[in-house]
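Peer 1: Next up is a structure, given as structure tokens.
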Amino acid sequence: MPLSPPSSRRALKHTRAIQIEAFARDDGLWDLDAHITDVKTRDALLASGTRPAGQPLHDLWLRITVDTQLNIVDAEAVSDAVPYPNFCDTIGAAYKKLVGLNLLKGFRDGVKQRLAGVNGCTHLTELANVLPTATIQALAGDVIDTRDGASGDQQSQKPFQLDRCHALRSEGEAVARYYPRWAVNPLAVSKSS
Numbered sequence: 177m178p179l180s181p182p183s184s185r186r187a188l189k190h191t192r193a194i195q196i197e198a199f200a201r202d203d204g205l206w207d208l209d210a211h212i213t214d215v216k217t218r219d220a221l222l223a224s225g226t227r228p229a230g231q232p233l234h235d236l237w238l239r240i241t242v243d244t245q246l247n248i249v250d251a252e253a254v255s256d257a258v259p260y261p262n263f264c265d266t267i268g269a270a271y272k273k274l275v276g277l278n279l280l281k282g283f284r285d286g287v288k289q290r291l292a293g294v295n296g297c298t299h300l301t302e303l304a305n306v307l308p309t310a311t312i313q314a315l316a317g318d319v320i321d322t323r324d325g326a327s328g329d330q331q332s333q334k335p336f337q338l339d340r341c342h343a344l345r346s347e348g349e350a351v352a353r354y355y356p357r358w359a360v361n362p363l364a365v366s367k368s369s
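Numbers in the working numbering are just positions in the sequence shown, counted from 1, shifted up by 176.
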């Protein structure tokens with residue numbers, strides 16, 4: 177279902193695009209290549225000069241390499257277009273500080289501690305913060321088992337995705353229907369529907 181129609185005429189002025197691609201490597205690790213761009217529909221007057229309409233103000237890349245436990249084992253950042261050339265694009269090496277963080281255990285706090293403010297690039301750091309959920313999506317089904325004994329075998333651990341969002345809360349209808357073994361008070365949930 178799309179958003180509702182706008183209540184007023186409007187004109188596009190700015191587009192921010194974020195794209196993340198995940199690659200399974202031959203060595204058992206995973207690369208996540210994240211890309212962010214900011215593009216204006218008009219010439220942008222910057223302190224460093226005019227950026228013509230349609231040319232990116234930001235064109236930034238961040239790659240992290242993770243193991244199957246979602247530990248970051250390598251990271252790199254590259255800035256192809258920035259508002260302040262020879263200044264913004266000198267911070268890429270700082271993103272090696274992501275190495276050692278785990279995407280599921282205190283990742284966003286770790287990013288903040290290591291790369292917030294003048295220790296990083298606002299846009300690359302924002303890009304880093306979307307990587308945990310993108311990585312989960314990438315590894316789901318390949319590395320992370322998201323089923324509940326669907327092939328006849330019984331999982332000994334609660335499926336990873338439960339209690340990580342509104343729809344998959346343990347006391348909710350979706351868990352009662354699709355993961356009944358892990359439902360909290362499933363009879364009460366089923367009777368309410």
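Backbone N, C-alpha and C fix where the C-beta goes; we use that ideal spot for every residue, glycine too.
Residue 225 to residue 182, Cα distance in whole Å?
Peer 2: Going from the Cα of residue 225 to the Cα of residue 182 covers about 34 Å.
Peer 1: If you draw a straight line from the C-alpha of residue 275 to the C-alpha of residue 283, how long is it?
Peer 2: If I take the Cα positions, the gap works out to 11 Å.
Peer 1: In whole angstroms, give me the CA-to-CA distance for residue 325 and residue 359.
Peer 2: The predicted model places residue 325 with a pLDDT of 48, which falls under 50 and marks its position as unreliable, so this point remains unresolved.
Peer 1: In three-state terms, what does DSSP make of residue 356?
Peer 2: Reduced to three states, the DSSP call for residue 356 is helix.
Peer 1: Answer with buried or exposed for residue 298, where buried requires no fewer than 16 other C-beta atoms within 10 angstroms of its C-beta.
Peer 2: So residue 298 ends up on the exposed side.
Peer 1: Given residue 286, which residues of its chain have a CB within under 6 Å of its CB, disregarding the five upstream and five downstream residues?
Peer 2: Correct list, in chain order: 277.
Peer 1: My guess is that residue 249 and residue 241 are in contact by the Cβ rule of under 8 Å, so how many angstroms apart are they, rounded?
Peer 2: Right, the Cβ-Cβ distance comes to about 5 Å (below 8 Å), so this counts as a contact.
Peer 1: In whole angstroms, what separates the C-alpha of residue 303 from that of residue 348?
Peer 2: Using only the alpha carbons, I get a separation of about 31 Å.
Peer 1: Grouping DSSP H, G and I as helix and E and B as strand, with all else coil, what is residue 198?
Peer 2: It is a strand residue.
Peer 1: Where does residue 315 land, buried or exposed, given buried means 16+ other C-beta within 10 angstroms?
Peer 2: By the neighbour-count rule (16 or more Cβ atoms within 10 Å), residue 315 is buried.
Peer 1: Residue 212: buried (16+ other C-beta within 10 angstroms of its C-beta) or exposed?
Peer 2: By the neighbour-count rule (16 or more Cβ atoms within 10 Å), residue 212 is buried.
Peer 1: Can you grab the Cα-Cα spacing for the pair residue 187 / residue 260, in whole Å?
Peer 2: Straight-line Cα distance between these residues: approximately 27 Å.
Peer 1: According to the neighbour-count rule (16 or more other Cβ atoms, all chains shown, within 10 Å of its Cβ), is residue 377 buried or exposed?
Peer 2: Beyond the ends of the chain as shown, which are 177 and 369, falls residue 377; an answer cannot be given.
Peer 1: Could you check whether residue 238 and residue 300 sit closer than 8 Å to each other, using their CB atoms as the reference points?
Peer 2: Taking 8 Å as the Cβ cut-off, residue 300 and residue 238 qualify as a contacting pair.
Peer 1: For the beta strand (DSSP E) containing residue 216, name the first residue and the last one.
Peer 2: Where residue 216 is concerned, the enclosing beta strand (DSSP E) stretches over 206–216.
Peer 1: Shortest alpha-carbon distance to residue 272 belongs to which of 307, 290, 306, 216?
Peer 2: Per the Cα distances, 290.
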